[in-house]
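Take the sequence shown: its letters are residues 586 to 1577, numbered as in my numbering.
We treat Cβ as the ideally placed atom computed from N, Cα and C, and that holds for glycine.
As the structure is a prediction and not an experimental result, all values here were calculated from the model.
Shown next, in C-alpha cells, is the structure this report addresses.
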Amino acid sequence: MLTMQEALQRLIEYWTRQGCLTVQPMNTEVGAGTLNPATFLRVLGPEPWRVAYVEPSVRPDDSRYGENPNRLQTHTQLQVILKPDPGDAQELYLGSLAALGIDVAAHDVRFVEDNWASPALGAWGLGWEVWLDGLEITQFTYFQQAGGLDLDPVSVEITYGIERILMALQEVRHFKDITYAPGISYGEAFGQAEYEMSRYYLDDADVAANRRLLDEYAAEAQRMVDAGLPVPAHTYVLKSSHAFNVLDARGAVSTADRAAEFARMRRLAGDVARLWVARRAALDHPLGVSAPRAPASPSPVPELTDNRARTLVFEIGTEEMPPAEARAACAYLRRAVAERLAATRLTHGEVRVAATPRRLIATVADVAAREPDQVVTVRGPRASAAYDAAGTPTAALAGFARAQGVATEAVETAEVNGVPHVVVRRDDAGGAAPTVLATALAPVVTGLRGARNMRWNDPQLSFTRPIRWLLALWGEQVVPVTVSALTAGRHTRLLRTAAEPVVAVPTAEEFAELIAVNGIVADAEDRRDLVVTGAQDLVYPDGRVDVTAEGNLIDQITYLVEQPTPLLGAFDEAHLELPEAVLTTVMRKHQRYLPVRDPDGVLLPRFVTVANGPVDVDRVRAGNEAVLRARFADAAFFYAADRRADPATLRARLARLTFTDRLGSMADRADRIAALAAALAAPLGLSPADAATLRRAAPLVKFDLGAQLVTEMTSLAGEMARDYARHAGEPRDVATALYEVELPRHAGDAPPRTLPGALLSLADRLDLLAGLAATVGLPTGSSDPFAVRRAALGALAVHRAHPALGALSLTVGLAEAATLQPVEVPDPVRRDVADFLARRLEQVLTEEGHPVDRIRAVLPHADRPSRADHLLSELATLADDESFRGVAAAIQRARRIVPDGTAAAYDPGALTEPAEVALHEAVVAVRSELGPDPDLTGFTRVAGRLVAPVDTFFTDVFVMAEDPALRAARLGLLATIRDLGAGLLDWPQLRL
C-alpha cells in the first residue's frame, strides 16, 4: 500500500526531475500553498521559477474536532509552480499521477472548470478541478494576476489535496484511517492536534488577544513595506490573515470588520507585490528573465497538386473548455469561417462546425482549388478633373497614375454612376486554395474570445483556455495557417489515454472517420444521444432518468466528455433519509451525476455518471460511489448539526455574513426584507391566516443562510428553510413561505404559490434592486455578478402570478425599499430601476409571443405587471370586436387632431351644431357611467356609445373654426374623448 509519506516523496521526486526546486513550508500559518512566498512572490516579475513543496494549510473555519471524515482545520497540500507555462503542463501533471501508481488509462481523470480568485490578495486565475473517478484531487490554475499586478509570464499552479488522494488510493472512509507511514495512521499521528486546534479555533481562542494581534501584525506589515522589505512584510500579512481567520471562526467578525480587513489585506498585498517586483529589478533579476515564446515562422506554401474541389477541415485544439464556452465558441466558429470564406473568391459548399471540450472543428465541403481570375477596376478622379480643356492630363491624373504604378497613357475612361471617371484596369489572378485559406483562417483563431479570457505562454493569443494545436487540411495538402507561435499541420490529438495520443491525418476527407474510429465523438448531438440512451439502458427496467428535468445537466455533461461512457452506480438506501433536494443537489451540482427515479418519480439509490473514454468500469464505479458516499456523509453531518440549532440561532448567524460592503450583512438585508414585506402587505387586506403567516415568517426570512448545509450548497436556500422550520415546529404555512421567498430561482421556475410567500419573495427582489442600483449600478452589458436581471425577472414573475397583487405598484414598492436602504437611493436611480423593470417586462412579453403593438400599449402598467397581463388578455379577446375597434379608432382620431397640450375642458354653451351637441351629450353620459378604474371590456361596452356620434361629428363639423371660442370648445371636446381611456392603454401604439 502506498503510504502518505511515500506519496509525498514520490511527488517531490517526480517534480524535481522536471526541474523544480524543493523548498520548505512557510514558517507561519497559511490557508493554502498559494500564500507561501515561493508562490505568491515568485509568480511576480519576469524571472523563471519552478518549485515543488509540501504546505500544511490551516483553515480555522474548517475545524470539525476531527469528527468530519473529510474536513480538517489543517490539511496537506503539495504545491507546484511552473513559470513560465511550459506548454504541456497537463501532460506533466498526468505523469505525476503515474508516479503515484495511478493508471490514468484505467481511471477517469478529467479537467473540470473551476476558476480561482482571492479578492483579498488581488489574485485570480483560470483553470480546473482535476477529478479522479469523480473525486476532486487537484486544483490546476493558470495564474493571471497577483497583488493586483498582471503576470508576465503566466505561471501554472498545481495544488494537490493529499489527504483526498490517499483516502481514494487506500480506500478508507475517514482521514484518520489513512496509513501515513508503515504501522502509523494519520489519526494516530495528527488526531490529537486536529481536535485540540479545532477546540482552540472554535471555542477557546481569545478574541481580544487575536484582535490585538491582527492589528499589530498588520501594522508591522505596513512598517516593513515602508522600510522596503517585501519578504518580512509578506510574512506579517500572512500572520494578520491568520489572526483574522481565527476571529472569523470564533464568530467575532462583523460585516464592517470583514470589509475593512479585506480592504487592508488587499492594499498590503498590492504594496508587497509592487515592492517585490521593484526589489528584484534592482537586483537585476538574479534568476534571469524568461524569454517570450518566439512567433512561428510561416510555412512555405506547396505547389497546388490537385485542381479538383476538396474538403477543408480546420481544427483548433485547446485544453478543456468550460461547457458554455465551448458552445459559444462553436457558434462563433461557424460565423467566422463563413465570413472569412465569403471575403475570398473561392467557391465552396456547406460550412459545418462541431465542438468538444478539447477542440473546435470547421469542415467545409467542395472548396475550389483556385479562385477565378478577375479584372479589377480602380476608379480615379472624374474625367473633367483628370484632363484640362485641351485634353492634357492634369496633376490629379498624374498623381492617380503614379499611385497605381502605370503611365497616364494606360488610364481609361469609364462611366461610374453615370459620371465619366478615369480608371485603371488590371488583371488579378486567383489565388490557390492553400494560400488563400491560410490568410482567411488565421483571423478566425485570433478572434476567439470567451466570457472570461486568459493568457498562457503564447504572446499574442487570449481565450477561455489555452490553444495548443492547429490542424488545417485542404484535401491532402496542409493549409499553412500561422497564428502567433502556432503553425497548422496535419496532426490531431486523441484522448490522452490513447495508445497514440497524437496522430497524423492523411486527408481532410478522412479526418472525421479517423477521429471517430479513435473514439472522439465530435458532434454534440451525437454525444448527447449517447449519454441519454446509455443512461436509460443502464437503469431500465426498474428506473429512469428524467431527461426533461435533467436537460441542463445533460447538456453540460455533453461538453465535459469527448467519448461518453455512462456508468451505473449505487449508494446506501439509508441516505434516502436526507431530503431529496440535498441528495439531488449533491449529485447534480457537485458531481454531475444523473439521479435515477422509479416510474412514479421517486428517487432511487442509484445514479448515472458519464466517464470520458474507455475505463476500468468496476474501478471507476467504485471510485464514484466512494466520492458520493463521502459527499452524503458530509451533507448528513451538516444536516444533523443544523437541526440541532433552532431557526432563531441560525438567523443570528446572518450578522456574520456580508451581503455587500455598503449594504451591510445578510442580517441587515433580512431585516429590510421583513419590513418591506409588511409595508407591501399593508394596503392589500390580507386574510387573518395570511397575515398571521407573514408576521411569523418575516422575522425568520433567510435564516437558513446561517446553516452549514446551505453554506456548502447555496442552491438549497429555501429548501432547507422549509425543512428546518418544520423540524423546529413551525406551522406548515410558515415553512412554505420561508421556502417560497427564494422562488422563482431561475427563468421558468415556479413562482410562490401562497400570498405570504409571494410578498416575501417580492420584497427580497425589490430590496436587492434598490440597494444594488444605488451602490453598484444596474447591469448594462453581459456581466451581472449580483444577478440583478434575475431579480428583476423574478419580481415580475411573482407579481404576474398573483392577481391579488394587482393593486400593488412596483414603483411604490421600490420607493419603500429605497427608504430602508443604508445608503441614499436618489429619485433618478429609482426611475432607472422602474425603467429597467419595464424593459424586462417588454422583453418577457415579446418572448411569450404577444403582438408588439399590444405590448407597447399596456407598458404604462409595467409597474403592475399582473394588470398588464389582464389587459393583454382582454386585448386578445377584443382585437376583432367591432365595438372595441370603433372605440380605439375614435380615440386615436381625436388624438391625431388635437394639438399637444390641449386641456380636456370646454364650454358646452359654445357648441351649436347638432352633431357636436350630440357628441357632448354622449360624452357626458359615458363619463358619468364609467367607474374610477374600469377594465377594458367594461370601458368598451360603455364608450362604444361614442363611436357613432364621433363619426357624425367628423362628417358634419369643421373642427378648426375661425371663431377662437368655438374652435377651443371643439378641441376641448375632442381632448375629453382623447383622455377617456388614458389610464387604460397607450392607444397610439395599437395597430388595429
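Under the rule that 16 or more other beta-carbon atoms within 10 Å means buried, what is residue i, buried or exposed?
i     : result
R920  : exposed
M1305 : buried
G1379 : buried
F1543 : exposed
R1191 : buried
M1172 : buried
M586  : exposed
L1056 : buried
T1462 : exposed
S969  : exposed
A683  : exposed
D670  : buried
L868  : exposed
E1506 : exposed
S1451 : buried
S875  : buried
On the three-state DSSP scale, how would you describe residue i?
i     : result
K668  : strand
G965  : strand
L897  : strand
G1529 : helix
W600  : helix
H1006 : strand
D1318 : helix
R835  : coil
Q1293 : helix
E1547 : coil
Y678  : helix
N795  : helix
R1425 : helix
I1139 : helix
F1371 : coil
H1446 : helix
W1054 : strand
R656  : coil
S825  : helix
P885  : coil
Identify, in the order they occur along the chain, each residue of the same chain with its Cβ nearer than 7 Å to the Cβ of residue i, setting aside the five sequence neighbours on each side.
i    : result
G719 : Q1176, T1194, G1208, N1209, V1212
G934 : V949, A950, D951
Determine which residues share a DSSP beta bridge with residue i and list them.
i     : result
D735  : Q730
M850  : Beta-bridge pairing links M850 to no other residue.
F1192 : G1154, P1180
G712  : T726
T764  : S770
G1579 : What is shown of the chain runs 586 to 1577, which leaves residue 1579 out entirely.
L1022 : L1022 is not bridged to any residue.
S740  : F728
Quick test of your reading: residue i and residue j, contact by CB under 8 Å. State the CB separation rounded to the nearest angstrom.
i     : j     : result
H870  : E632  : 5 Å
Y1324 : G1291 : Contact doesn't hold; Cβ gap of about 16 Å is too wide.
A911  : Y1144 : 5 Å
V886  : T1020 : 5 Å
G1104 : Q1045 : Their Cβ separation, rounded to whole angstroms, is 33 Å, which puts G1104 and Q1045 out of contact at 8 Å.
I1562 : L1521 : Not a contact, Cβ separation roughly 17 Å.
D958  : D891  : So it is not a contact: roughly 19 Å between Cβ atoms.
G1016 : E956  : 5 Å
Please return the same chain residues whose Cβ sits closer than 8 Å to the Cβ of residue i, not counting the five positions on each side in sequence.
i     : result
A592  : L685, I747, I750, L751, L754
D1666 : Residue 1666 is absent from the model: the chain starts at 586 and stops at 1577.
S1250 : S839, T840, L1239, A1240, R1241, L1242, T1243, F1244
Using a Cβ-Cβ cut-off of 6 Å (strictly less than) and excluding sequence neighbours within five positions of residue i, which residues of its own chain qualify?
i     : result
L1515 : V1527
D1318 : T1278
V1418 : L1354, A1358, L1399
L1460 : R1439
H827  : E614
W701  : G710, T726
R843  : T1243
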